[in-house]
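Report on the following structure.
In the working numbering, the protein residues as written are 65 to 194.
Put into structure tokens, the structure is as follows:
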């Protein structure tokens with residue numbers, strides 16, 4: 065059981081990428097895990113998603129052991145400067161997608177990069193993995 069739990073911790077980010085890739089959101093151009101390639105960091109004409117680990121906490125303790133892991137992920141979206149979709153609808157659809165796949169979020173925060181003037185959003189989600 066411990067090995068299974070450790071494997072789930074290691075595959076957390078890849079699992080999330082697979083879920084999002086299979087959905088094929090039409091507004092999304094790229095998905096990266098942990099970091100955006102240096103040569104693409106200033107790309108403002110494509111909408112890019114960055115998925116990274118926040119933490120994994122042991123959960124549901126009983127008899128001096130745990131039975132699950134509470135996995136947290138940060139999803140950052142850097143919207144194209146030519147983004148043509150309704151921002152609120154896109155975020156709402158994405159949050160519904162997370163909920164339908166048993167992920168939970170307390171909301172999101174958005175900001176505009178002062179250098180590129182590119183709009184971005186950060187969503188923190190978590191899921192208890194048995």
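For each residue, glycine too, the CB sits at the ideal point set by N, CA and C.
ask   = Straight-line CA distance for residue 124 to residue 132?
value = 6 Å
inquiry  = Taking a contact to mean a Cβ-Cβ separation below 9 Å, would you say residue 135 touches residue 109 in this structure?
reply    = no
key: residue 130 - partner residues in DSSP beta bridges   = 125
message = Check for me: the beta strand (DSSP E) holding residue 156 runs from which residue to which?
response = From DSSP, residue 156 is part of no beta strand (DSSP E) but of the alpha helix (DSSP H) over 151-164.
message = DSSP three-state label for residue 104, please.
response = helix
Backbone CA spacing between residue 120 and residue 169 [nearest angstrom] = 15 Å
inquiry  = Less than 9 Å between the C-beta atoms of residue 22 and residue 97, yes or no?
reply    = Because the chain here runs from 65 to 194, residue 22 falls outside it and cannot be looked at.
task = Given a cut-off of 9 Å, decide if residue 77 and residue 115 are closer than it, judged by their beta-carbon atoms.
result = yes
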